[in-house]
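*Asks:* Under UniProt numbering, residues 1 to 121 are what the sequence shown spells out, in order. Note that beta-carbon positions come from the ideal geometry of N, C-alpha and C, so glycine has one too.
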Amino acid sequence: MKPLKTRISLLLLLLPMVLLNAQGELKSVEGYSPNIGSMVYMLEDLKDRITEQVKDLDQTQTDFRYDAQANSIGALIMHLISTESYYQVATLEGREWTEAELASLGIAGELNAINCVWNGK
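1. For Asn115, is the classification buried or exposed, using 16 other Cβ atoms within 10 angstroms of its Cβ as the cut-off for buried?
2. What residue does the alpha helix (DSSP H) around Arg95 start on, and which one ends it?
3. Can you have a look at Gly94 and say buried or exposed, based on whether 16 or more other CB atoms are within 10 angstroms of its CB?
4. Under 8 Å: do the segment 62 to 70 and the segment 35 to 49 share three or more Cβ pairs, one atom per stretch?
5. Can you round the beta-carbon distance between Ile50 and Ile77 to whole angstroms, since I take them to be within the 8 Å contact cut?
6. List the whole-angstrom C-beta distance separating Thr62 from Ser72, where the pair is believed to meet the contact cut-off of C-beta under 8 Å.
7. Hey, how far is the Cα of Ala100 from the Cα of Leu92?
8. What residues in its chain sit with their C-beta under 8 Å from that of Lys55, if we drop five residues either side in the sequence?
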């Protein structure tokens with residue numbers, strides 16, 4: 001019963017966001033080629049929508065997990081940041097992360113049941 005409640009809760013949380021953005025148009029940011037401009041627009045739009053949804057959350061809400069197998073909202077946001085950072089470094093700079101970048105962002109790129117708990121929480 002708990003997994004069903006979790007899925008329904010997640011659906012109810014995400015449905016308004018999907019409905020509000022379902023009719024959005026794809027734009028291209030000036031100063032870039034059309035394809036790159038569209039990608040920049042999508043990344044900025046994603047950042048803006050996520051920020052709007054989580055800007056008023058406190059630490060407890062950001063760290064909350066439904067169960068031991070779940071990732072928190074904070075962990076998921078860190079995963080997005082980590083993934084975007086790695087993609088930019090690998091694609092635009094043509095290199096791997098430095099040791100400092102790996103130490104700061106590496107674990108967030110590999111979220112799973114084993115390492116979804118940070119700082120002993």
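*Replies:* Let's see:
1. Reliability fails at Asn115, whose pLDDT of 48 lies under 50, so the model's placement of it is uncertain and no value is given.
2. Per DSSP, Arg95 belongs to no alpha helix (DSSP H) and is neither H nor E.
3. The residue is exposed, with fewer than 16 neighbouring Cβ atoms inside 10 Å.
4. no
5. Their Cβ separation, rounded to whole angstroms, is 7 Å, which keeps Ile50 and Ile77 in contact under 8 Å.
6. 6 Å
7. 18 Å
8. none
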